[in-house]
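Colleague: Numbers 4 to 123, taken from the numbering used here, label the letters of the sequence shown in order.
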Amino acid sequence: MVVQSRSLLVKQVLTDLESRFPAVRGYDATKRERTAEDLVHILGFLATALYLDDAEVFTGFLEWTADVLDARGVPVGSLVTGLEILAEQLHDFPRALGFVREGAAGLRGRSGTVVHGTAV
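1) In whole angstroms, what is the alpha-carbon distance linking D73 and G29?
2) Excluding the five sequence neighbours on either side, which residues of its own chain have a C-beta within less than 6 Å of the C-beta of D19, listed in chain order?
3) When burial is assigned at 16 or more other CB atoms within 10 Å of the CB, is T62 buried or exposed?
4) Rounded to a whole number of angstroms, what is the C-alpha to C-alpha distance between V5 and V79?
5) Measure the beta-carbon distance from G109 to L65 and round it to whole angstroms, keeping in mind my assumption that it falls under 8 Å.
6) Where do the N-terminal and C-terminal ends of the alpha helix (DSSP H) with L12 fall, by residue?
The following block contains the structure:
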């Protein structure tokens, strides 16, 4: 499901991010493209983690991604919000949903993380 629906998932998460994380509305084309690329990587690591049945593959990648975003001045809360939106899209896929929830929970525990939106 994750691999086959990647394009649709990326579009839906980007669309919903605009309403839940207002800063995204002001992104220029380059920032939107980078955000879409980040989402593609997130979905790729989620698919790999599911294939290997190893949540650490996904959660470790999310921790690394959060560090990169933080270094770029992007709030980690935007990543958590994206994961919350992704979780909504994966509600019929309990294993994938569990991995996404685990990853979001780990990021919420980071100091300085401000999260806008609903809990996963």
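Even for Gly, the Cβ is constructed at its ideal location relative to N, Cα and C.
Modeller: Looking at the atomic coordinates:
1) Residue numbering aside, residue 73 sits at position 70 when the sequence shown is read from its first letter. Residue numbering aside, residue 29 sits at position 26 when the sequence shown is read from its first letter. Rounded to whole angstroms, D73 to G29 spans 19 Å at the Cα level.
2) Walking along the sequence shown from the start, residue 19 turns up at place 16. Around D19: I88.
3) Here residue 62 refers to the residue found at position 59 of the sequence shown. By the neighbour-count rule (16 or more Cβ atoms within 10 Å), T62 is buried.
4) Residue 5 sits at position 2 when you count from the first residue of the sequence shown. Residue 79 sits at position 76 when you count from the first residue of the sequence shown. Near 23 Å, if we compare the C-alpha coordinates of V79 and V5.
5) Residue 109 sits at position 106 when you count from the first residue of the sequence shown. Residue 65 sits at position 62 when you count from the first residue of the sequence shown. At roughly 7 Å, the Cβ-Cβ gap stays under 8 Å, so G109 and L65 are in contact.
6) Locating residue 12 in the sequence shown gives position 9, counting from the first residue. Residues 9-23.
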